[in-house]
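**Student:** Shown below is the structure under consideration.
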Amino acid sequence: MKKKKLIYNLLIINLVLLAIFLYSKVPTLIIFAHKIAKVVFVPVIIGVFFFYLVKPLNDFLLRKGTKNSIAAMLTLIITVIVLSGFFVFLGSRLIREFQQLISKVSNTLQNDSLIKGFNDYFTNNLDLGWVYEKIVRYVETYVYMLGKRGMRVFSYAMNLFSVLLLILVIIFYLLKDGVKFKGSIIKLVPDRHKDKVFSIMNESNRVLSSYVTGQACVALSLSVMVYIGYKLVGMPSALILASTTFILAFIPFVGFFVSMIIPYIIAISVGIHMVIKLTILFMIAQGVKGRIVVPLIMSKAMKIHPLTDIFLVIAAASLIGPLGAFAVVPLYAVIKVILVNANLITADNKIIYNKDK
C-alpha cells in the first residue's frame, strides 16, 4: 500500500513538472498567462486586500440594520471620500516632496566625487559608480520615452482607470454578496463534508482578515515612527519617504529594509553623520516593530515561522514580482489551512470506511 502511494505521488510530481516544462516551451501560452494575470489576478488581489480593510466598517453598518447593498455602497462611498480627502490634503505636498526627492537622488547619483569618497570610506573593492551610472541612464531613458510616447501614456492612464474601476466593482460585490458566495460553494460540497468545508472557509476568512488589518496597523505604526524620526534627524522629503515605508511595509520582513534604500542614498549626499543618524533610527524602528508592534498586533494573525516568511517573500518576488511578494504570505496561510483540514477530512473518511468494513 505504501509503495503504491509513493509511486502515485511520484507520478503526480512528474506530471506537474512535465506540464511546467511544456508550458515554458510555448511562448503564446506564457504571453496569454501574463495578460490574464495582469487583467484578472492583479485587480482581484488588490480588491480582496481592500475588501478586508473596509470590511469592519461594512460589518458595523450591517449591525445597525442597514441592508447589504446599501451598506456596501455606503462603505465604498465613505472609503473613496476619505482617500480623496487624504490625497487632496497631502497631495500637493507629496508631489512637491517627490520632485525634490527625484532631484536629490539624481544629483547624488551623478556626483562622482561623492560616490568616490563614499566608496573609499567603506570599501576599496566595490565600485558603486557603475551601478549608479546604470540607474541614472535607465531613469533618463524612461523619462525620454514617456515624453516621446504621449499616446502610450494616455493608454496607460486608461488602463489604470479600468483597473481601478474593476477593483471598486470587486470590492462592492464582495461586501454585498460575500455570504451568498460562501453559500453557493457549500451547496456544491457533499453533505458529509459541508461542516468541514464551512469551517475551512471561516478559518481562511479569519486568517486573511487578521493578516490584512494587522499588517495595515503595523505599516501605519512603522511609517509614523520613521516620519517622526526623519523630522528629528532633519531628513529631507520626510513625508514621501514615510509614505514609501507605509506601502512597502505590507511586504513582510523584507519591505521595511527595501524602503531604506532611497533614504540612505539621500543620507550619503548629506554626509556621514546623516548616515549614522539614519542607521540608529532604523535600528530603533526595527526593534520597536519586532519586539512590541508585531507581537501585539500580529500574534494571533498568522502561525508562520519568520524564516518561512522570508523565504516565501524572496521566492515570490523573484518569480512574480512585487505583487507576488505582497500576496504570498496570506496565500500560503490559506493553503496551509486548507491542507490541514483536508487531512482531517481524509482521516474521517478512512475511519468511516473502516467502520463500514
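Each number in the numbering used here corresponds to the 1-based position in the sequence shown with 1071 added. In this text, a Cβ means the ideal position worked out from N, Cα and C, and glycines have one as well. Nothing here was measured: the structure is a model prediction, and the numbers come from that model.
Going by other Cβ atoms of all chains shown within 10 Å of its Cβ, with 16 needed for buried, is residue 1083 buried or exposed?
**Tutor:** That one is exposed.
**Student:** Given that a residue counts as buried once 16 or more other Cβ atoms are within 10 Å of its Cβ, and exposed if not, what is residue 1335?
**Tutor:** Residue 1335 should be labelled exposed.
**Student:** Have a look at residue 1107 and residue 1339 and give me their C-alpha separation to the nearest angstrom.
**Tutor:** Answer to the nearest angstrom: the Cα atoms are 42 angstroms apart.
**Student:** How many whole angstroms separate the CB atoms of residue 1260 and residue 1268, which I take to be in contact at a CB cut-off of 8 angstroms?
**Tutor:** Indeed they touch by this definition, with Cβ atoms about 5 angstroms apart.
**Student:** Report yes if the CB atom of residue 1164 is closer than 8 angstroms to the CB atom of residue 1310, and no otherwise.
**Tutor:** In contact: residue 1164 and residue 1310 (Cβ atoms closer than 8 angstroms).
**Student:** Quick one: which unbroken alpha helix (DSSP H) runs of 4-plus residues sit fully inside the stretch 1307–1393? Chain order, please.
**Tutor:** Listed in chain order, the complete alpha helix (DSSP H) runs (minimum 4 residues) inside the stretch 1307–1393 are 1309–1319, 1325–1329, 1332–1341, 1343–1359, 1365–1369 and 1377–1390.
**Student:** Anyone know if the C-beta pair for residue 1399 and residue 1384 falls short of 8 angstroms?
**Tutor:** Result yes, Cβ atoms of residue 1399 and residue 1384 sit closer than 8 angstroms.
**Student:** Could you round the C-beta distance between residue 1143 and residue 1247 to whole angstroms and report it? I think they count as a contact, below 8 angstroms.
**Tutor:** Contact holds; Cβ gap of about 4 angstroms.
**Student:** Taking Cβ to Cβ, would you say residue 1245 is nearer than 8 angstroms to residue 1122?
**Tutor:** In this structure, residue 1122 lies closer than 8 angstroms to residue 1245 by Cβ.
**Student:** Where do the N-terminal and C-terminal ends of the alpha helix (DSSP H) with residue 1305 fall, by residue?
**Tutor:** Looking at the DSSP string, residue 1305 is not in any alpha helix (DSSP H), and its letter there is neither H nor E.
**Student:** For the putative contact between residue 1314 and residue 1294, defined by C-beta atoms under 8 angstroms, what is the C-beta separation to the nearest angstrom?
**Tutor:** Residue 1314 to residue 1294, Cβ: 7 angstroms. Contact.
**Student:** Is it buried or exposed for residue 1088, if we count other Cβ within 10 angstroms and need 16 for buried?
**Tutor:** Under this definition residue 1088 is an exposed residue.
**Student:** Taking the alpha helix (DSSP H) that residue 1127 falls in, what are its first and last residues?
**Tutor:** It spans 1113–1134 - the alpha helix (DSSP H) in which residue 1127 sits, taken as one unbroken run.
**Student:** Are residue 1322 and residue 1397 closer than 8 angstroms when you measure CB to CB?
**Tutor:** Their beta carbons are under 8 angstroms apart, which means residue 1322 touches residue 1397 by this criterion.
**Student:** Three or more beta-carbon pairs under 8 angstroms between the stretch 1151–1159 and the stretch 1124–1133, yes or no?
**Tutor:** These segments do not touch.
**Student:** What's the C-alpha gap between residue 1109 and residue 1167?
**Tutor:** Going by the C-alpha atoms only, they are around 31 angstroms apart.
**Student:** With the cut-off set at 8 angstroms, would you say residue 1328 and residue 1381 are in Cβ contact?
**Tutor:** Contact flag unset, no.
**Student:** In whole angstroms, give me the CA-to-CA distance for residue 1291 and residue 1263.
**Tutor:** One C-alpha to the other measures close to 44 angstroms.
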